[in-house]
Amino acid sequence: MKLNGVISRKLSVIAREVEALRALRGVTTARLKREHFLKRGIERSLQVCIEAMIDIANRIIALAKHAPATSGAESLDALERLGAIRKAVSYADMVKFRNLVVHRYEAIDDAVLVSIVRRHLGDFEKFAAEIERYADA
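All residue numbers for the sequence shown refer to the numbering used here, where the first residue is 536 and numbers rise by one.
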């Protein structure tokens, strides 16, 4: 499968957001408590990255002429079945976090945001690398 424009643009979105989030690696829970819009910006950037992952998954599923997935988690499971990614389970928590941001935004724990920014941005890059590898195969 060759990367098409839609998938390439979504991968660029992920890369851009991750780069911006990396600049915030020193963020603390205290700072997030003081700076409301910083917290909301981090949440939104993470949501955008996860939405892009789901969009990429759905695009690959469509290109493979498979039935559309009914949820973000199902989209990533389908990608695993297609051999595009290794373990969709590792991405399931990302989709759960996205659902929390969208539906339970009042319950976002500052410590979770700090942890993601400090330790888990590489998960997005791993996903992008897996998609690029799949496209090159």
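Where a beta carbon is used, it is the ideal one built from N, C-alpha and C, also for glycine.
Note that the structure is predicted; figures quoted are calculated from it, not measured.
Should the stretch 554–565 be regarded as contacting the stretch 630–643, the criterion being three or more beta carbon pairs within less than 8 Å? no
Out of curiosity, what's the CA-to-CA distance linking Ala672 and Asp644? Working through the sequence shown from its first residue, we reach residue 672 at position 137. Working through the sequence shown from its first residue, we reach residue 644 at position 109. In a straight line, the C-alpha of Ala672 is about 40 Å away from that of Asp644.
Output needed for Val660: all residues of its chain with C-beta closer than 7 Å, excluding positions within five of it in sequence on either side, in chain order. Looking up residue 660 in the sequence shown gives position 125. The question names Val, but residue 660 in the sequence shown is Glu. Taking C-beta separations shorter than 7 Å and ignoring five residues to either side along the sequence, the partners of Glu660 in its chain run Val553, following chain order.
Find out if the Cβ-Cβ distance for the pair His601, Ala613 is shorter than 8 Å. Translated into the one-based positions of the sequence shown, residue 601 becomes position 66. Translated into the one-based positions of the sequence shown, residue 613 becomes position 78. Cβ distance < 8 Å, so His601 and Ala613 count as in contact.
Beta-carbon within less than 7 Å of Lys545's beta-carbon, same chain only, minus the 5 sequence neighbours each way: which residues are those? Walking along the sequence shown from the start, residue 545 turns up at place 10. Closer than 7 Å at the Cβ level, and outside the excluded window around Lys545, lie Ala587, Asp590 and Ile591.
When the Cα atoms are used, what is the spatial distance from Leu648 to Ile577? Residue numbering aside, residue 648 sits at position 113 when the sequence shown is read from its first letter. Residue numbering aside, residue 577 sits at position 42 when the sequence shown is read from its first letter. Rounded to the nearest whole angstrom, the CA to CA distance from Leu648 to Ile577 is 7 Å.
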